[in-house]
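Number of protein chains: 4
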Amino acid sequence: MAIKTPEQYYESLKDLHPTTYILGEKVDNPVEHPLIKHMAAAVAETYRMENDPEGKKLLVAPSDLTGEDVSRFLKFYRSPDDLLTKVRMLKFLSQNIGGCYMRCTGMDAINAVGIEAYNCDQKYGTEYWARLQEFVKTAQKNDVVIFSGVTDVKGNRALRPSQQKDPDMYLHVVQRKKDGIVVRGAKIHQTGSMCAHWALIVPTREMREADKDYAVCFAVPTDAKGLIQVYGRGTLEAQPLQGCDLGNARFSKFSPMVLFDDVFVPWEHVFLCGEYEYAGNMVRNFGNYHRHSHGGCKCGVGDVLIGAAATAAEYSGVGNVSHIRNKYAEMMKVTEAIYGCSVAASVESTETPSGIYTVDPVLSNTSKLYEGKEMAEVIRLMIEIAGGMTTDLPSDKDFANPDIGPMLTKYLKGVDEVTTEDRVRIFRLIEKLAFESRDIVSNIHGAGSPETHRMTILRNSNMEAKKKLAQKLAGIKTD
Amino acid sequence: MAIKTPEQYYESLKDLHPTTYILGEKVDNPVEHPLIKHMAAAVAETYRMENDPEGKKLLVAPSDLTGEDVSRFLKFYRSPDDLLTKVRMLKFLSQNIGGCYMRCTGMDAINAVGIEAYNCDQKYGTEYWARLQEFVKTAQKNDVVIFSGVTDVKGNRALRPSQQKDPDMYLHVVQRKKDGIVVRGAKIHQTGSMCAHWALIVPTREMREADKDYAVCFAVPTDAKGLIQVYGRGTLEAQPLQGCDLGNARFSKFSPMVLFDDVFVPWEHVFLCGEYEYAGNMVRNFGNYHRHSHGGCKCGVGDVLIGAAATAAEYSGVGNVSHIRNKYAEMMKVTEAIYGCSVAASVESTETPSGIYTVDPVLSNTSKLYEGKEMAEVIRLMIEIAGGMTTDLPSDKDFANPDIGPMLTKYLKGVDEVTTEDRVRIFRLIEKLAFESRDIVSNIHGAGSPETHRMTILRNSNMEAKKKLAQKLAGIKTD
Amino acid sequence: MAIKTPEQYYESLKDLHPTTYILGEKVDNPVEHPLIKHMAAAVAETYRMENDPEGKKLLVAPSDLTGEDVSRFLKFYRSPDDLLTKVRMLKFLSQNIGGCYMRCTGMDAINAVGIEAYNCDQKYGTEYWARLQEFVKTAQKNDVVIFSGVTDVKGNRALRPSQQKDPDMYLHVVQRKKDGIVVRGAKIHQTGSMCAHWALIVPTREMREADKDYAVCFAVPTDAKGLIQVYGRGTLEAQPLQGCDLGNARFSKFSPMVLFDDVFVPWEHVFLCGEYEYAGNMVRNFGNYHRHSHGGCKCGVGDVLIGAAATAAEYSGVGNVSHIRNKYAEMMKVTEAIYGCSVAASVESTETPSGIYTVDPVLSNTSKLYEGKEMAEVIRLMIEIAGGMTTDLPSDKDFANPDIGPMLTKYLKGVDEVTTEDRVRIFRLIEKLAFESRDIVSNIHGAGSPETHRMTILRNSNMEAKKKLAQKLAGIKTD
Amino acid sequence: MAIKTPEQYYESLKDLHPTTYILGEKVDNPVEHPLIKHMAAAVAETYRMENDPEGKKLLVAPSDLTGEDVSRFLKFYRSPDDLLTKVRMLKFLSQNIGGCYMRCTGMDAINAVGIEAYNCDQKYGTEYWARLQEFVKTAQKNDVVIFSGVTDVKGNRALRPSQQKDPDMYLHVVQRKKDGIVVRGAKIHQTGSMCAHWALIVPTREMREADKDYAVCFAVPTDAKGLIQVYGRGTLEAQPLQGCDLGNARFSKFSPMVLFDDVFVPWEHVFLCGEYEYAGNMVRNFGNYHRHSHGGCKCGVGDVLIGAAATAAEYSGVGNVSHIRNKYAEMMKVTEAIYGCSVAASVESTETPSGIYTVDPVLSNTSKLYEGKEMAEVIRLMIEIAGGMTTDLPSDKDFANPDIGPMLTKYLKGVDEVTTEDRVRIFRLIEKLAFESRDIVSNIHGAGSPETHRMTILRNSNMEAKKKLAQKLAGIKTD
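Chains as they are written, first to last, in this note's numbering: chain A, -15 to 463; chain B, -15 to 463; chain C, -15 to 463; chain D, -15 to 463.
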């Protein structure tokens, strides 16, 4: 049973009893909570696609560990083609979900960790790479959902982990025991964690010797003792709480904070512990992979943004106006560039000693830089095209009111062929696409902030070679 | 009593009994509703400022009708200095309110209507200008709040008012009676209407002879029979409904739809009725004035955006990082340009036959074009500077929970000198500033869409003169 | 001898006697003219690279027609990998030449023509495809330079070819003879034509039945009777005419106008003649290929721009200033995106019935749209980094003057380790890179103008599918 | 004779015998040199305008020193209106000259120096302010041209003046004598110096005590002994040297380097000498004034850019195409914003102790930041609109050649009503506007580089106040 059905996925979550708080309340079954269930539905949709004839072409592939067909979300990247297919898969899913389905963080993390686990083993004779392969094999067999816990709360950003007044501002080992380690700290912006079976915890930055207790990487089930998830509130919550005006009729996103209140992790699930020189590369690998993932998924969301804008324009009778068509092209320019750079980063990938392929960092960070800067403009263009009705239409509850409903239906009609209800639906979708804070902020800060992307580009481009090219053409002797 | 206190303002609203629906419910006292009261507070703040020693310098001026000190929100623009002071007043208020206080639409509308009322009287011997002055005089005396109803629902945008299948898609006169007219239609995006005493209704576009029933301008009290207000839902509603995590601790915005279900208007409050050739100029005047207003108010909001970003950075320990300071400058560049162009549009204003001054349309539309395009970037920069915590922090309710509250307080601490509570407050403010859909969409579509601004610039720039300049310099004979 | 040396290339040009005018003078041996010879040197450099161990990996490949190793500039694109290697080859060459070497237009044209020659043959039983293959085979054997003549002078742009007052504003057949055709017209912006052996003439737009005499495609030697080349003047000509201050010490670009004054073309070199329905696709194919080429070559030039800026900054002592490094990253973002989209357009290419692969049009046009908009910003950033000395330094002649030379050398010194001469050289290179009009305008208009790219993107994106995605997510029934 | 005629201006230059080198040759009468005379013509045009009924309204005003009518280029800014009129004057002149006429640097410098001369006198009992007034009075009487020498060559940018290996990399006092001082150094980018009567030398940066010999400000005639001007070469020089294809038929720009080879300056013309704490403010004042000037002059040039683009489009038959009109609006948006911010910086100016008004630094630097970033885009749009013929048309010499001239005239025709000659002229003007390096680089680096503008904005904006606004709205106690 390496490929689950959506039903099996939901069933499997019932065995988990994560400690969960939502808006101040302890919640027993978070997956059914109105603020959570729409993201669970997005994850479930990936399972549906794994069983769909078209979807499985992208989502299912033979495991290099077992040969068995497994979810691509749980597979190592063993070739440029694996990376290319990942981008296409994420684009395909996002086109159909219109937002996040969270399984890519786990996928990117197992690969990012794998490269350094291997490297560390070579130097120190550790056995992290074997442990990780074992963990992944089991994950593949059960087709589980893994979220990657990367971002620490960080306290004072000007200080390193070991310099913080409170030593817990970065997750760290507080006790080394015979059978495992005890960890403490907090990871934030943990997209979808309440819908996952496992967490794969990765250091959030490069570490120095003094920080070595913070150089820790491990896997842990989401209902481990001491692991507490707290829902992080966002925009547009009144709608799911009231069960109407959802915009995206089925799917949504949330990003909790996950507290590690002295959580025990057995050694078999520890993939780095103290070898601080690998911490930085783990998170850099993760960043590069995850920016590469965004190139696929945000292009897919972009197609929805464009389609929504075009539908709204059409429903208002202005779909083919010259300046609006021009704006469609400007929107596509951005989404296709994001996608194109991720495709190129796959083609120009290189093999690491572990056998895992790593993307071209300049191209994957270029993709993300454009996303960070220009998806905001794509969204702005969507709003510009769709007009003011994207933000302040009456509620479904008003339409249902017999006193005013008929009048609203009359007055909010657009072109003759489209019902007011459908027109309102598309405006609500646009509102969701434009104002779901978790999505918008992910465009900018997901997989690291723009300054990180710039630094990564600078670090990985060969500036000396570029200078030499110029000097030679200028007739300067460069020997 | 030409200047009211906030208390008098609230008192005066109690005499009104507007027909109001909010999320499907008929509401008797909308001003106390959690979704409405924060905007009422913003309006009340303008009254407080009228009585404040510093505030009154900008907000209060002698009426040209009576000589008495009146609210500048109810005054005709009688000089470039009136226009300049308007811009400064709006900037000042927005800096202190962090968003909309809605009284500028009425101010801009009485002036926009006044110019054409005068012109129409000259041609047709009507008495609109005298009526309007009378109306304004009374408004000044009672220091009332007027909202301007401009935007119709518009149906199929490709069709003119008289071509629509449903003749009510633009507000129009359905009956002319001896003592007045009866009007039907719907105005949408009516910012703050539930906090106003009067509506001043202005045609939304230029009209032709066939549309002459749509060329109608009038004032009406907000509790007139047949006038129905329906709350338009936006983002971030769960927070005020739950009474926590507000972001802006005191102020907010809403924009209802206002239905005119055969509302009677006595002739004394009618300022245009059928003289279709003045409809277009009324709304164009209004647009130019209102884009000019935005230059002041959005610069003021911009100062709050910049201050919020800088506070968040400081609270996280990165306030003086080089690339962040660079971003502050980029943000100011935009907000100051918006303001500067509105200042310049005041200086380069011209007197109309009515004695009312009209702003330079090229400069005021330039201001708005930059707002429409670049305020999104200012907001994006604020998010980029502030980081991911702007969107998914736990709720005040979680902090209040004894099980997890202390842990959250521990883990969400930034620099030593700032409490977690204050840090969370600034992130919530940023969330409000970035995701309050009514504000964001107003940046783009308030006072007309960007294409309208471009058209206005083209129409009012002397392109033939520019061509001649070039031709002459090129040595082409231009006779 | 399918691969020529630079010497053989220069030798081969001596057999040509093209009719050539430069600045009003008839010139016998244009390749030695100071305004021409630096582009000939760039072309010769491609020959050198064909014989270079590293260069040949990219520049030389087996012919699918003969199996013999031939120049990639004369090869059909028979696989995604052919397209990918083209992009890499052009990047490599541009990095080393710092500008144009012109051979890509011929390469793109033989492929663009080939696809439609094949299609036309299938429908009409013509033999264009066989003729073209024969022509290419001979071209490969002699390793010749072909330029593609696409852009007509176009007269009044609002009129189609057959509607022009002067019928010659688009090149057309004026006589059909037993042994060939006679053509008349003028092609403009013919980069490097004076350094080429052959012209491959392609229609510049889609044609209708009335335009069928304009639907003509053929090859012709550059010294054919009636073919007249007139040098088009650009910027920075005083420097080569005076033999100093060149900036790029070896290479440059020019773009003549080519007049066809009743030129005879034998049938064996005619590849379309009257089958108007293929004209549009020929030029569209060419455009898509050529935008794809730009993705490689302009990224290579971009590397030189970045290297030049970094060298100038370093020579002035500010190479590592934070805001300057940030600008390097912004420059790379653009150049890498242009490149990445062309790489992706190769990967997502498709086979045509002729067996020639065609690039993904959305991605290749996205690459070009970014080039058209953002290379100007890359250049602006280069100037911003390098400072004012990029534009107004004294001449080499001043440095050679004994009265002032020593003072100039003293005062124009930057950091201690770099001679003034080298510093001046890099500023002159930047001047050349920033102000060589043929290069700058090529960024914008080469391979079609930005509006064409937008239209191509719109035509090739599946907008209906995008609308369906949005509608489905909004909960609208789309059946 | 406080207002000269153009003839008197030319006559007055004959009395000067400046030491001048152009392209390696010593030149006796630079004003007649083909590379210089077109800028002299631009300066002469300002004199014509001083005598023109329309022009004099802007260019002539009563002196506050003598009451006599004088050139505004030699007047202190005594009111916001003086500053406002300056902006309008510069816009007016640039519209008619299409580029630089250089007299604004002297105007801005006398004011910038005046403020600090006054301040220094107050502190140290010096008599700089009286001397400066005397100097200006004489300048007014003779209506002379003054250029301001600000920018030093600077050597290693990472070092302060006194830290440079060669002490002459910033201009400094090498000898203090009884009757005056001797100075050495070099000023670069000295726009139009060869057309001026006087230089007013201003320190280029803030100075510390160790740099006090560099804190020197003085006036000197352009033919002073030891003052050597060396022409700095730019683009488009072949055209004036050949006397054809000029583009701008009458006017152009150049920017020499000016060497001070131990130049003696009598005390009466020294306005700062060692009081280092005023050096920084002098150049900051100058920068703020000069950025303010650019807001007028570059808007005027922008009108020519727009007019040229529109003429080219019209001549090609596409003047009213929708996407082209949209681009006109985008161009105006930029030029009007630049202008608007300078107008606003005038309105919001403040009086200094000297009685000279200083512009609002945030607004004037905002104007310049937009110029630095977006004029490049305005130019790019001009090229995009005008098309490829802006860069590579044959020369006037080709049109004059009887063999090919008639064919060129035939083939380069656009719409029927316009001659080919006129069409070519407009393309040549666009080439000049797009590729005259001195103008383009001035957009970016004139009056300081963009980073300087950002720093100035940050230094002059009240960031603490903005933070307080945000904190208060967030509900944070700010005491």
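For each residue, glycine too, the CB sits at the ideal point set by N, CA and C.
Taking the CA atoms as reference points, T403(A) sits about 47 Å from T295(D). Close partners of I410(A) in chain C (Cβ separation under 8 Å): A454, Q455, A458, I460. Rounded to whole angstroms, N269(B) and M153(A) show a C-alpha spacing of 56 Å.
Proximity to M439(B) across D53(D), E314(D), C179(D), K162(D) peaks at E314(D), based on C-alpha coordinates.
For V285(D), there is no enclosing beta strand (DSSP E); the residue is found in the alpha helix (DSSP H) stretching over 263 to 299.
Judged by beta-carbon spacing, G459(B) lies within the 8 Å limit of A233(D), meaning their Cβ atoms are closer than that value. S351(C) sits close to G279(C), with the two beta carbons spaced by under 8 Å.
Note that the C-beta distance between E29(C) and Y85(C) is below 8 Å. Here I130(D) carries a strand assignment [DSSP, helix/strand/coil]. For the C-beta of N310(B), the chain C residues within less than 7 Å are, from N- to C-terminus, H307. Not flagged as an interface residue toward chain B: K381(D), since no C-beta distance is shorter than 8 Å. Contact between D197(D) and H156(D) holds: their C-beta atoms lie close to 4 Å from each other, under 8 Å.
When 9 Å is used as the limit between beta carbons, Y215(D) is near these residues of chain C: D376, P378, S379, D382, in chain order.
Checking the DSSP bridge columns, you'll see S55(D) partnered with V44(D). When DSSP reads this structure, W182(A) sits in a beta bridge with I130(A), P205(A). Put simply, the CB of R438(D) is near chain B, with a gap under 8 Å to one of its CB atoms. For K237(C), the three-state secondary structure derived from DSSP is coil. Residue range 164 to 171 is occupied by the beta strand (DSSP E) that includes G169(B). The stretch 186 to 202 of chain B and the stretch 387 to 398 of chain A do not touch, with fewer than 3 CB-CB distances between them shorter than 8 Å. Here V267(B) is not near M241(B), since their CB atoms are 8 Å or more apart. N126(B) has its alpha-carbon roughly 31 Å from the corresponding atom of P224(B).
Contact of Q79(C) with chain A is assigned, a C-beta pair being separated by under 8 Å. In the structure shown, T69(B) falls within a helical segment according to DSSP collapsed to helix, strand and coil. Residue-level contact by beta carbon holds for N232(B) and chain D, with a gap shorter than 8 Å. Note that the C-beta distance between F238(B) and G83(B) is not below 8 Å. Neighbours of Y5(D) in chain C, taken as residues whose beta carbon is under 8 Å from its own, are P378, D382, N385, D387, I388 in chain order.
By the neighbour-count criterion, in which a residue is buried when 16 or more other Cβ atoms sit within 10 angstroms of its Cβ, G8(C) is buried. Around the beta carbon of D246(D), a 10 Å sphere encloses fewer than 16 other beta carbons of the protein chains shown; the residue is thus reported as exposed.
One alpha carbon belongs to D380(B), the other to E358(C), and they sit about 45 Å apart. Within its own chain, the residues whose Cβ lies closer than 7 Å to the Cβ of T135(C), once the five positions on either side in sequence are excluded, are K171, I172, H173, T188, listed in chain order.
Interface residue (Cβ-Cβ distance to chain B less than 8 Å): D406(D) is classified as such.
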